[in-house]
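Here the structure is laid out as structure tokens; the discussion comes afterwards.
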């Protein structure tokens, strides 16, 4: 019991800075391109677009907003490589455009291929991984197959354990772990990285808890297993079972 309290105190000591990195308002800048009717007609068709038609009062739209912004962070900041623009249209303002697009509910997500103003409705799950897969499929891109690593329990480096598809059942199946699920391109994850490393170093010699990380772009199996839908996601896992998702204070 005493060891458990000491462990939680150690995590709590780092948590304020962790919270500042994950939830600081400057991280949540709007990366999404916002179109009015004129801009939409000008841009869509010249290149591929994935557009969210929304209303500001819509609860589902508000819940989707952080994920849509993460999607835009990845694709809009590397347009030449990504070949798609992540955009949005406020249907309470541009009502004619939304009527012309047949928008009857919010949010409606439509993919417009290059050379076409006829969009295809997206009807799948609204988590980041599913949206990325839909973009790749719509662009005709094959998703790279990830080579299966040889299962082996990795040795901690400065207290931080790197978990893979091939090792997660062995590694996370024993003891307690505080795990960061991330993507290398994610700006929020990059800002969190030094804080996560400090947390791992501070607990390096505590046998009752390990701090770990999983790259979800290379290890889809483990990320799907724990239903990771956004980055970074921080989970407390004991004996291979999810105990709690870190939400900050």
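In mature numbering (1 follows the signal peptide of the UniProt record, and there is no 0), the protein residues as written are -24 to -1, 1 to 225.
Just so you know, even glycine gets a beta-carbon here, dropped at the ideal spot from N, CA and C.
Taking DSSP as the reference, what is the three-state secondary structure of residue i?
i	result
residue 40	helix
residue 146	helix
residue 220	strand
residue 205	coil
residue -3	Confidence in residue -3 is poor, its pLDDT being 45 and thus under 50, which makes the residue's placement too unreliable to answer from.
residue 198	helix
residue 113	helix
residue 92	coil
residue 188	strand
Measure the C-alpha to C-alpha separation of residue i and residue j and round it to an integer number of angstroms.
i	j	result
residue 84	residue 66	11 Å
residue 101	residue 150	32 Å
residue 57	residue 159	17 Å
residue 49	residue 113	19 Å
residue 78	residue 59	25 Å
residue 156	residue 194	14 Å
residue 190	residue 18	41 Å
residue 218	residue 20	43 Å
residue 90	residue 26	11 Å
Judging by CA-CA distance, which residue of the options is the nearest neighbour of residue i?
i	options	result
residue 38	165, 64, 214	64
residue 110	161, 47, 138, 53	47
residue 96	8, 168, 29, 193	29
residue 185	40, 32, 215, 170	215
residue 12	202, 42, 58, 69	69
residue 203	221, 115, 188	221
residue 41	217, 18, 206	206
residue 31	80, 22, 54	80
residue 34	82, 45, 51	82
residue 141	209, 22, 192	192
residue 136	223, 174, 196	174
residue 182	115, 7, 212, 153	153
Regarding residue i and the ligand NAD, is the C-beta to nearest heavy atom distance less than 6 Å?
i	result
residue 12	With respect to small molecules bound, the structure shown includes none, and the ligand NAD cannot be examined in it.
Task: Every unbroken beta strand (DSSP E) within the region 29 to 88, with a cutoff of 3 residues, ordered by chain - done: 61 to 66, 84 to 88
TODO: Kindly provide the ranges of any beta strand (DSSP E) runs that are 3 or more residues long and lie completely inside the region 139 to 186, ordered along the chain.
DONE: 152 to 158
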